[in-house]
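**Q** Okay, here's the structure, questions in a sec.
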Amino acid sequence: MNKMGTFQKIVGVFVFYFEEMLLNVMTFNSGFKVYKKNNRFPLVSSGDKTLDGLLAGGFHRDLIYLLYGDKKITSNILLTTSVIAQKSFNNGGLGDDIKVAYVDVNNRFNPYNISKFAVSQNLSPRKVLENILISRAFTFDQLVEILENRLDKLENIKVVLISGITKLWPNYEKQTFEDLLRAIDGIKRMLSKTNPLIIITAPLSEYSLFRPKGGKILSHFGKVLVLINDDERYVEYVLIQHPYLPENRLLKWKHRTPKKKVPLRNMTLDVWF
785 MNKMGTFQKI VGVFVFYFEE MLLNVMTFNS GFKVYKKNNR FPLVSSGDKT
835 LDGLLAGGFH RDLIYLLYGD KKITSNILLT TSVIAQKSFN NGGLGDDIKV
885 AYVDVNNRFN PYNISKFAVS QNLSPRKVLE NILISRAFTF DQLVEILENR
935 LDKLENIKVV LISGITKLWP NYEKQTFEDL LRAIDGIKRM LSKTNPLIII
985 TAPLSEYSLF RPKGGKILSH FGKVLVLIND DERYVEYVLI QHPYLPENRL
1035 LKWKHRTPKK KVPLRNMTLD VWF
């Protein structure tokens, strides 16, 4: 086949797929087809049984999650998810040796806990830590710079975890909201690049009992909103928003007598390698 014939064949294939794309855009699909499409990807467990129950099994890769409220609990969820996501498809993960981008504003990333949890999941602590690409921000300007200009430069990222996106929120001036929009635009570029699972955590607004700090800009960006409150006797999980699950509320009751912890003295990170 000559070069002109090859070129015409390539153009023909392109036109075919373009017409198919237009047909899919312009036609109506049943709600059940949309539901099946949303369930093509395997669910990823959060490592928190109560949260998994609230989300009907775990995280969907094609949804953006905003968990807000108690910093300790939401940070632990990110840590366990960063490990579970690295398991094989058959074991509830997104595949072996995937890359996880972790932006830590809450400064709660703990390699020791990651390694210990990796061992419990029959994973190599060394490989798990090597596959987590972590960046820390100590000012709101640094956070905006990371998300706007550096996040989408990473390659082969399948999971994006952002811990405390508005923890360093300086004020409620117009410029601050514009900076947050720029940061979100950076996340969207990463979304269009590799379509990763995105989980964001944020503190509760100091002016509300049920809204995240960051206003409507942040809450509208999240497709799934979960409020987590830590009470004296229980932890409350509230599903505020979800594309196809109803609002819900679950409680995790605390033990009246604290569990005895196994002493960990004289144990270092090297134990897990």
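Residue numbers for the sequence shown follow the numbering used here, beginning at 785 and rising by one.
The C-beta atom is built at its ideal place from N, Cα and C for all residues, glycine as well.
Taking Cβ to Cβ, would you say Val917 is nearer than 7 Å to Gly970?
**A** Within the sequence shown, the letter at position 133 stands for residue 917. Within the sequence shown, the letter at position 186 stands for residue 970. Reading off the sequence, residue 917 comes out as Leu, not Val. Going by C-beta atoms, Leu917 is not nearer than 7 Å to Gly970.
**Q** Would Lys1038 be called buried (16 or more neighbouring beta carbons within 10 Å of its own) or exposed?
**A** For the purposes of this step, residue 1038 is taken as residue 254 along the sequence shown, with counting starting at 1. Flag for Lys1038 reads exposed.
**Q** Straight-line CA distance for Gly948 to Lys900?
**A** As a first step, residue 948 is located in the sequence shown; it is residue number 164 there, counting from the start. As a first step, residue 900 is located in the sequence shown; it is residue number 116 there, counting from the start. Their Cα atoms are separated by approximately 23 Å.
**Q** Sort Asn890, Glu914, Val944 and Glu939 by Cα distance to Phe922 and report the nearest one.
**A** The residue given as residue 922 occupies position 138 in the sequence shown. Comparing alpha-carbon positions, the option among Asn890, Glu914, Val944 and Glu939 lying closest to Phe922 turns out to be Asn890.
**Q** Within the present structure, is the beta-carbon of Leu907 separated from the nearest heavy atom of the ligand FMN by less than 6 Å?
**A** In the structure shown, the ligand FMN is absent, as is every other ligand, since no ligand is present at all.
**Q** Where does Pro954 fall in DSSP's three states?
**A** Mapped onto the sequence shown, residue 954 falls at position 170. Note: Pro954 maps to coil in three-state DSSP.
**Q** Going along the chain, which residues of its own chain have a beta-carbon closer than 7 Å to the beta-carbon of Pro954, five neighbours each way excluded?
**A** As a working mapping, residue 954 is identified with position 170 in the sequence shown. Excluding positions up to five away in sequence, the list reads Phe924 and Thr960.
**Q** Going by DSSP in three states, Asn1013 sits in which element: helix, strand or coil?
**A** Working through the sequence shown from its first residue, we reach residue 1013 at position 229. Three-state DSSP puts Asn1013 in a strand.
**Q** Candidates Leu878, Ser919, Val867 and Phe893: which alpha carbon is nearest Lys755's?
**A** The question about residue 755 has no answer, for the chain in this structure spans 785 to 1057.
**Q** If I measure Cβ to Cβ from Gly842 and keep anything under 7 Å in the same chain, skipping five residues before and after, which residues do I get?
**A** The sequence position of residue 842 within the sequence shown is 58, counting from 1. Once the five neighbours on either side are set aside, the close Cβ partners of Gly842 are Leu827, Val828, Ser829, Ser830 and Asp836.
**Q** Using CA atoms only, rank isn't needed, just tell me which of Asp936, Lys942 and Ile946 is closest to Asn860.
**A** Start at 1 with the first residue of the sequence shown, and residue 860 comes out as number 76. Cα-wise, what sits closest to Asn860 is Ile946.
**Q** Under 8 Å by Cβ, that's how I've got Glu1016 and Leu1035 pegged, so tell me the actual separation to the nearest angstrom.
**A** Numbered from 1 along the sequence shown, position 232 holds the residue referred to as residue 1016. Numbered from 1 along the sequence shown, position 251 holds the residue referred to as residue 1035. So it is not a contact: roughly 12 Å between Cβ atoms.
**Q** My parser needs the beta strand (DSSP E) runs of 3 or more residues fully inside the stretch 911-961; what are they?
**A** 916-920 and 941-947
**Q** In the DSSP assignment, find the beta strand (DSSP E) that holds Lys883 and state where it starts and stops.
**A** Working through the sequence shown from its first residue, we reach residue 883 at position 99. First-last of the beta strand (DSSP E) with Lys883: Lys883 to Asp888.
**Q** Quick check on DSSP: helix, strand or coil for Phe994?
**A** Here residue 994 is taken as the residue at index 210 of the sequence shown, counted from 1. Coil, per DSSP.
**Q** Give the list of continuous alpha helix (DSSP H) stretches no shorter than 4 residues that lie fully inside the stretch 835-910.
**A** Runs of alpha helix (DSSP H) with 4 or more residues, each lying fully within the stretch 835-910, are found at 855-868 and 895-904, listed in chain order.
**Q** What residues are listed by DSSP as bridge partners for Glu1020?
**A** For the purposes of this step, residue 1020 is identified with residue 236 of the sequence shown, where counting begins at 1. Beta-bridge pairing links Glu1020 to Asn1013 and Leu1035.
**Q** Taking Ile1001 and Leu964 to be in contact with their CB atoms under 8 Å, please state how far apart those CB atoms are, rounded to whole angstroms.
**A** Taking the sequence shown and counting its residues from 1, the one referred to as residue 1001 is at position 217. Taking the sequence shown and counting its residues from 1, the one referred to as residue 964 is at position 180. Rounded, the Cβ-Cβ distance is 5 Å, consistent with contact.
**Q** Could you please give me the residues that DSSP links to Thr985 through a beta bridge?
**A** For the purposes of this step, residue 985 is taken as residue 201 along the sequence shown, with counting starting at 1. DSSP lists Leu851 as partners of Thr985.
**Q** Cα separation between Asp1054 and Leu993?
**A** Within the sequence shown, residue 1054 is the residue found at index 270, counting from 1. Within the sequence shown, residue 993 is the residue found at index 209, counting from 1. Straight-line Cα distance between these residues: approximately 43 Å.
**Q** Counting only the same chain and skipping the five closest in sequence on each side, list residues whose C-beta sits under 8 Å from that of Lys856.
**A** As a working note, residue 856 is residue 72 in the sequence shown. The answer, listed in chain order, is Arg892 and Asp1014.
**Q** Would the beta-carbon of Pro987 fall within 7 Å of that of Lys1007?
**A** Within the sequence shown, residue 987 is the residue found at index 203, counting from 1. Within the sequence shown, residue 1007 is the residue found at index 223, counting from 1. Contact: no.
**Q** Using only the alpha-carbon positions, how far apart do Leu847 and Asp881 sit?
**A** Your numbering for residue 847 matches position 63 in the sequence shown. Your numbering for residue 881 matches position 97 in the sequence shown. Roughly 22 Å separates the two Cα atoms.
**Q** Among Phe1005, Lys942, Ile968 and Tyr991, which one has its Cα closest to the Cα of Asn979?
**A** What you label residue 979 is simply residue 195 of the sequence shown in a count that begins at 1. It is Lys942 whose Cα lies nearest to the Cα of Asn979.
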